[in-house]
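To keep things clear, I will list the structure first and then write my remarks on it.
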Amino acid sequence: MRLLTGRSRRALAAFTAALVVASIPASAGAQSKKKTTGPETFNGKAKVQTGTAVADATFTIQIDQYTPEKDLKAMEAALQSGGSTGFVAALRKAPVAGHLKVGDKSFTIRWARQKDTPKGRVISIVTDSPVYFVGAGLPDAQSKAGFDVAVAQLNMDSAGLGDGSIALAAKVKPGGQNGVEIQDYASEPVKLASIMKVIS
Amino acid sequence: MRAVRLTASLLLALPLALGASQAGKSTAPESFRANGEITGVAGGVATAMTFQIDKYTSDADHDALVKALKDGGNAAFLAAIKKAPKVGVLTIGKSAIDIRWARTRPEGTDHRRVAFVTDRPAFFAGAGAADAKPTAGYDLAVVEFTIDAVGLGSGTMAPAAKVKAGGPNGVEIDDYSGKRITLTTVTRNVK
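Protein chains in written order, with the numbering used here: chain A, 238 to 437; chain B, 53 to 243.
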């Protein structure tokens with residue numbers, strides 16, 4: 238997956254891996270061979286640094302179940318045929334996969350996928366609404382329209398520790414080498430740090 | 053959004069505190085560095101900024117602003133503040149915002165209070181939320197801090213606010229976020 242626009246390029250670069258995971262055709266492979274199935278919970282901290290400020294927040298990702306391949310395929314097909322609008326519509330019809338919680342707010346995850354890596358696994362999630370528009374507080378902020386989802390990638394090791402990145406408000410588009418592009422509203426990447434899988 | 057009363061020390065206290073007249077020898081021009089932070093349920097934001105005050109607002113200009121607020125409310129005050137002479141600059145990152153009203157007065161034996169208003173908002177704290185309220189009408193920023201004789205202090209900032217007539221002091225500050233930024237450290241730059 239490729240990230241868009243000059244302003245967002247740096248942020249988008251951070252998502253390449255996530256989106257590659259998300260954009261690999263469903264037929265190319267199933268989810269993690271180890272089948273770490275839901276439910277599982279991750280806690281961590283999100284950080285972003287701009288030219289004027291530093292912000293951080295704690296978050297919890299609760300994955301009840303990873304999205305079945307047929308639903309992933311349906312969303313990928315909707316993206317290719319209906320563009321961003323089609324993808325969002327399909328996403329919002331998909332079964333609930335979990336929740337992303339930040340403070341007292343909860344956002345529904347409808348895309349959750351994991352893939353094995355040499356050191357563990359990569360988990361990608363997409364929420365059916367944006368979480369936060371980083372930079373929208375500036376008087377000359379760009380419009381929020383069209384940034385209808387949030388996309389995150391978690392790089393987890395076998396011990397349950399990891400890091401990652403998140404586009405808190407994003408637009409998913411068809412295109413690029415892998416067929417999917419993510420445009421991040423934020424001009425700077427939001428990093429996920431100190432992610433820990435909660436041992437139940 | 054709750055109206056935040058910025059105590060009797062701000063412009064509000066115009067007639068009462070800062071309003072009377074700025075006693076003592078003028079300290080302007082002077083500049084300050086400040087570190088601000090605002091926290092919420094999930095986390096927080098920290099930022100650094102500088103305040104350059106070239107001169108403090110004269111009693112005559114101050115009185116004109118007070119009259120505008122009393123007679124015409126926020127709209128008249130906003131119009132008056134934009135017409136007032138520039139007295140300094142608030143800088144956050146690459147953003148420089150003109151200060152159009154600034155007052156200072158002694159407080160105790162070795163402190164003084166400084167307050168100023170810019171002619172446009174600095175930023176809208178919380179506007180990034182998906183359900184954020186409209187930003188229209190919050191057209192200026194208000195800062196106040198106390199500094200000691202050494203040049204160290206602390207204060208608060210309403211980065212996007214509107215001024216309303218009312219309250220016990222005759223003026224209320226309605227802050228966009230409902231929660232002011234804490235200026236944890238303010239340091240007067242040595243000339």
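Think of the CB as a built atom: it goes at the ideal place given N, C-alpha and C, for glycine as much as any other residue.
Name the chain A residues that come within less than 9 Å of B:K146, Cβ to Cβ?
Along the second sequence, read from residue 1 onward, the residue named residue 146 of chain B stands at position 94. The contacting residues are G288 and T289.
So, under 8 Å CB-CB, A:G399 and A:L391 are touching, yes? Tell me the CB distance rounded to an integer number of Å.
By 1-based counting over the first sequence, the position of residue 399 of chain A is 162. By 1-based counting over the first sequence, the position of residue 391 of chain A is 154. Going by Cβ atoms, the distance from A:G399 to A:L391 rounds to 6 Å, so yes, they are a contact pair.
Report the rounded CA-to-CA distance for A:S437 versus A:S402, giving the unit in angstroms.
Taking the first sequence and counting its residues from 1, one reaches residue 437 of chain A at position 200. Taking the first sequence and counting its residues from 1, one reaches residue 402 of chain A at position 165. Roughly 24 Å between the two C-alpha positions.
When you compare the CB positions of B:G203 and B:R240, do they come within less than 8 Å of one another, or not?
As a first step, residue 203 of chain B must be located in the second sequence, where it is residue number 151. As a first step, residue 240 of chain B must be located in the second sequence, where it is residue number 188. Yes, the pair counts as a contact, with Cβ atoms nearer than the cut-off.
With 16 as the cutoff for other CB atoms within 10 Å, does A:A263 come out buried or exposed?
Mapped onto the first sequence, residue 263 of chain A falls at position 26. The pLDDT assigned to A:A263 is 42, lower than 50, so where the model puts this residue is not dependable; a value taken from the coordinates is nonetheless given after this. Buried.
Below 7 Å between beta carbons is the criterion; list the residues of the region 154–175 of chain B that meet it against any residue of chain A, in chain order.
R172, P173 and F175
Rounded to whole angstroms, what's the CA-CA distance from A:A331 to B:A98? Just pull it up for me.
Translated into the one-based positions of the first sequence, residue 331 of chain A becomes position 94. Translated into the one-based positions of the second sequence, residue 98 of chain B becomes position 46. If you take the alpha carbons of A:A331 and B:A98, they lie about 38 Å apart.
I'd like to know whether the C-beta of A:I261 is nearer than 8 Å to at least one C-beta of chain B.
Against the first sequence, residue 261 of chain A aligns to sequence position 24. Residue placement at A:I261 cannot be trusted, given a pLDDT of 43 that sits under 50; the coordinates are not used to answer.
Residues of the region 91–112 of chain B in Cβ contact with chain A at a cutoff of 9 Å, in chain order, please.
G92, V93, A94, G95, G96, V97, A98, T99, A100 and M101
Going along chain B, which residues have a C-beta under 9 Å from A:T295?
Taking the first residue of the first sequence as 1, we reach residue 295 of chain A at position 58. Residues of chain B passing the Cβ test: A94 and G95.
Taking only runs that begin and end inside the region 368–416 of chain A, name each unbroken beta strand (DSSP E) of 3 or more residues, in chain order.
386–394 and 398–411
Can you give me the start and stop residues for the alpha helix (DSSP H) that B:D200 sits inside?
Counting from 1 along the second sequence, the entry for residue 200 of chain B is found at position 148. Counting along the chain, B:D200 falls outside any alpha helix (DSSP H), though it belongs to the beta strand (DSSP E) covering L192 to D200.
Can you tell which of B:W153, B:D162, B:A210 and B:A179 has the C-alpha that lies nearest to the C-alpha of B:T109?
The residue labelled residue 109 of chain B in the question sits at position 57 within the second sequence. For B:T109, the closest alpha carbon among the candidates B:W153, B:D162, B:A210 and B:A179 is that of B:W153.
Residues bridged to A:I436 by DSSP?
On the first sequence, residue 436 of chain A is found 199 positions in, with the first residue counted as 1. A:I436 pairs with nothing; no bridge assigned.
Which chain A residues sit within Cβ distance under 8 Å of B:A179?
Reading the second sequence from its first residue, position 127 is the one you call residue 179 of chain B. Per Cβ cutoff of 8 Å: F370, A373, G374 and A378.
Between A:A396, A:I300, A:A290 and A:A378, which lies nearest to B:T187 when the distance is taken from Cα to Cα?
One-based indexing of the second sequence puts residue 187 of chain B at position 135. Closest option to B:T187, Cα to Cα, is A:A378.
According to DSSP, simplified to helix, strand and coil, what is B:L66?
Position 14 of the second sequence, counted from the start, is the residue given in the question as residue 66 of chain B. Unreliable placement is indicated for B:L66, whose pLDDT of 42 sits below 50; the coordinate value is still reported in the next sentence. Reduced to three states, the DSSP call for B:L66 is coil.
With a threshold of 8 Å between beta-carbons, can B:A128 be considered close to chain A, or not?
Within the second sequence, numbered from 1, the residue matching residue 128 of chain B stands at position 76. Taking Cβ atoms only, chain A never reaches closer than 8 Å to B:A128, which makes this a no.
Identity of the residues DSSP links to B:D111 by a beta bridge
To locate residue 111 of chain B, count along the second sequence from 1; it is residue 59. Looking at the DSSP output, B:D111 sits in no beta bridge, so it has no partner there.
Which first and last residues belong to the alpha helix (DSSP H) in which A:A315 is found?
Here residue 315 of chain A refers to the residue found at position 78 of the first sequence. A:A315 -> alpha helix (DSSP H) spans E306 to K330.
Could you round the C-beta distance between B:G140 and B:I133 to whole angstroms and report it? I think they count as a contact, below 8 Å.
Taking the first residue of the second sequence as 1, we reach residue 140 of chain B at position 88. Taking the first residue of the second sequence as 1, we reach residue 133 of chain B at position 81. Not confirmed; about 13 Å, so no contact.
How long is the line joining the alpha carbons of A:E418 and B:A212, rounded to whole angstroms?
For the purposes of this step, residue 418 of chain A is taken as residue 181 along the first sequence, with counting starting at 1. For the purposes of this step, residue 212 of chain B is taken as residue 160 along the second sequence, with counting starting at 1. Distance between the alpha carbons of A:E418 and B:A212 is about 35 Å.
Any beta-carbon of chain A closer than 8 Å to the one on B:A132?
As a first step, residue 132 of chain B must be located in the second sequence, where it is residue number 80. The Cβ of B:A132 sits no closer than 8 Å to any Cβ of chain A.
Contained beta strand (DSSP E) runs [length at least 3] in the region 137–169 of chain B, N- to C-terminal order:
140–144 and 147–159
With respect to the beta strand (DSSP E) encompassing B:G189, which residues constitute its N-terminal and C-terminal limits?
For the purposes of this step, residue 189 of chain B is taken as residue 137 along the second sequence, with counting starting at 1. Segment: none, B:G189 is in no beta strand (DSSP E) and carries neither H nor E.
Within a Cβ cutoff of 6 Å, which residues of the same chain sit near B:A23, ignoring the five residues on either side of it in sequence?
In the structure as shown, chain B begins at 53 and stops at 243. Residue 23 of chain B is therefore absent and cannot be evaluated.
Mind checking who A:D301 pairs with in its DSSP beta bridge?
Against the first sequence, residue 301 of chain A aligns to sequence position 64. The partner list for A:D301 (beta bridge, DSSP) is empty, contrary to what the question assumes.
Taking Cβ positions, are A:K408 and A:G383 nearer each other than 8 Å?
Within the first sequence, the letter at position 171 stands for residue 408 of chain A. Within the first sequence, the letter at position 146 stands for residue 383 of chain A. Closer than 8 Å, so yes.
Under 8 Å by Cβ, that's how I've got A:M433 and A:G281 pegged, so tell me the actual separation to the nearest angstrom.
Taking the first residue of the first sequence as position 1, residue 433 of chain A is located at position 196. Taking the first residue of the first sequence as position 1, residue 281 of chain A is located at position 44. Indeed, because the Cβ distance is near 7 Å, the residues count as touching under 8 Å.
Return the bridge partner residues of B:S206 from the DSSP annotation.
The residue given as residue 206 of chain B occupies position 154 in the second sequence. B:T198, per the DSSP bridge assignment.
Using a Cβ-Cβ cut-off of 8 Å, state whether B:A120 counts as contacting chain A.
Residue 120 of chain B sits at position 68 when you count from the first residue of the second sequence. False, the Cβ-Cβ gap to chain A never drops below 8 Å.
Reducing DSSP to helix, strand and coil, say where A:D365 ends up.
On the first sequence, position 128 is the one that residue 365 of chain A refers to. If DSSP states are grouped into helix, strand and coil, A:D365 belongs with coil.
Put B:A86 into one of helix, strand or coil per three-state DSSP.
Start at 1 with the first residue of the second sequence, and residue 86 of chain B comes out as number 34. Reduced to three states, the DSSP call for B:A86 is strand.
Can you tell me whether A:V333 is helix, strand or coil according to DSSP?
Your numbering for residue 333 of chain A matches position 96 in the first sequence. Coil.
Inter-residue Cα distance where the pair is A:S318 and A:G275:
Looking up residue 318 of chain A in the first sequence gives position 81. Looking up residue 275 of chain A in the first sequence gives position 38. Rounded to the nearest angstrom, the two C-alpha atoms are 30 Å apart.
Are the C-beta atoms of A:G335 and some chain B residue less than 8 Å apart?
The residue given as residue 335 of chain A occupies position 98 in the first sequence. Closer than 8 Å: no.
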